[in-house]
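There are 2 protein chains.
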Amino acid sequence: MRRILRALFRHSPCDTAMHSLGHQIIAEFYHCNSSHLNDVDYIRQIMVEASEQAGATIVTETFHHFSPHGVSGAVIIAESHLSIHTWPEYGYAAVDLFTCGDSVSSETAFNHLRDKLESGQVSTMEMHRGQVDMMQSNGRPVTHKPELKAV
Amino acid sequence: MRRILRALFRHSPCDTAMHSLGHQIIAEFYHCNSSHLNDVDYIRQIMVEASEQAGATIVTETFHHFSPHGVSGAVIIAESHLSIHTWPEYGYAAVDLFTCGDSVSSETAFNHLRDKLESGQVSTMEMHRGQVDMMQSNGRPVTHKPELKAV
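Okay, here's the thing in structure tokens:
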């Protein structure tokens, strides 16, 4: 599994050679620690840690605990977002890591979440978002998400 | 295009016959109205409207305007989430519609956003999240996200 993941992340998070603006990892974490999946504070903490360790700039975050179980939440980062939905009763978490630019390491965020959720089985898909040849760029250079500044 | 979309949404939002917990529409909206894409209040409004019209229960939402341009945000719903990232300079928005259960119409949310962003070209992908045969269900029935209650 580790070897598969290394191969998956061999490319930079947002490969401008692919002529896209964003990069998304769709991760299915199975066989997780169910008590972690039902702990909203823990989920918030590891999502924030994943964002920080990946080198992302956190803009805002929101997390919610459902009754009787399950957590949903998202961290909005200057470079897009990280989201999570958990089903403790099935030991499963659905995670999306959407990043732009080459300053954020999706691999680091992914590894942190896999380890902290104690996931025993992982399935991933990655995709490029925003194909530049489909856009109205008017000859301007392709950039990632604009810099975060007070507005 | 309309015919393609009708075909895309012929199935229910979360087809339990597919043995999955969630359903995700990954939508690429090209050739949008750029001034809409740079208006955080407008983006928040149409995302909330999309959630409501789809029959979702809104838990919380967060949106941010970047300088000099661009908006990122998410609506956390009891049935998962809707997220958006916009690049006004390219007339492009990346939208994810992640839903669970069969009470929310992803098609309605999708159509509302396409119309309100005035997108001239759309690319979509849909996927099922959380394959039940990968889970530790212990023989329990498959359910969507638990009911939203005060906790």
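In order, the protein sequence lines correspond to chains A and B. Numbering-wise, this note's numbering puts 552 at position 144 of the first sequence, and it's gapless, one number per residue. Numbering-wise, this note's numbering puts 513 at position 105 of the second sequence, and it's gapless, one number per residue. Glycine residues also receive a C-beta, built at the ideal position from the N, C-alpha and C atoms. Computed from a predicted structure; not experimentally measured.
With 16 other Cβ atoms within 10 Å as the buried cut-off, status of residue i
i      : result
P476/A : exposed
H541/B : The identity of residue 541/B in the sequence shown is Asp, whereas the question assumes His. Label assigned to D541/B: exposed.
D504/B : buried
S443/A : exposed
M564/B : Outside the shown range of chain B (409 to 559) lies residue 564/B, about which nothing can therefore be said.
M533/B : exposed
A415/B : Because A415/B sits at a pLDDT of 32, beneath the cut-off of 50, its placement in the model cannot be relied upon, and the following sentence gives the value as read from the coordinates. So A415/B counts as exposed.
M409/A : The predicted model places M409/A with a pLDDT of 38, which falls under 50 and marks its position as unreliable; any figure quoted below should be read in that light. It counts as exposed.
S428/A : buried
Start-to-end residues for the beta strand (DSSP E) that takes in residue i
i      : result
P491/B : Here residue 491/B is Ser; the residue named in the question, Pro, does not match the sequence. Counting along the chain, the beta strand (DSSP E) containing S491/B begins and ends at 488-495.
First through last residue of the alpha helix (DSSP H) which encompasses residue i
i      : result
D449/A : 448-461
T516/B : 514-525
T480/A : The sequence given here has Ser at residue 480/A, not Thr. Unbroken run through S480/A is the beta strand (DSSP E), 479-485; no alpha helix (DSSP H).
H444/A : 442-445
Strand pairing of residue i, partner residues [DSSP]
i      : result
D504/A : I434/A, S491/A
F474/B : For F474/B, which the question treats as bridged, DSSP gives no partner whatsoever.
M533/A : I434/A
S428/B : Q539/B
T465/B : Answer is none; T465/B lacks a bridge partner.
With three or more C-beta pairs closer than 8 Å as the rule, is the region 483-499 of chain A touching the region 521-529 of chain B?
no
Taking 8 Å as the cut-off, does the region 431-438 of chain B touch the region 502-521 of chain B (at least 3 CB pairs, one atom from each stretch)?
yes
Is the region 509-527 of chain B touching the region 461-468 of chain B in the sense that three or more CB pairs, one from each, lie closer than 8 Å?
yes
Contacting positions in the region 459-481 of chain B - beta carbon closer than 9 Å to chain A
V467, T468, E469, T470, F471, H472, H473, F474, S475, P476, H477, G478, S480, G481
Using a Cβ-Cβ cut-off of less than 8 Å, give me the residues of the region 486-500 of chain A that come near chain B, in sequence order.
A486, S488, H489, S491, H493, W495, E497, Y498, G499, Y500
Along the region 502-523 of chain A, where does the CB come closer than 9 Å to a CB of chain B? Name the residues.
A502, D504, F506, C508
Selection of the region 526-544 of chain B by Cβ proximity to chain A, strictly under 8 Å:
Q529, S531, M533, M535, R537, G538, Q539, V540, M542, M543, Q544
Anything in the region 438-450 of chain A with a Cβ closer than 7 Å to a Cβ of chain B? List those residues in chain order, please.
Y438, H439
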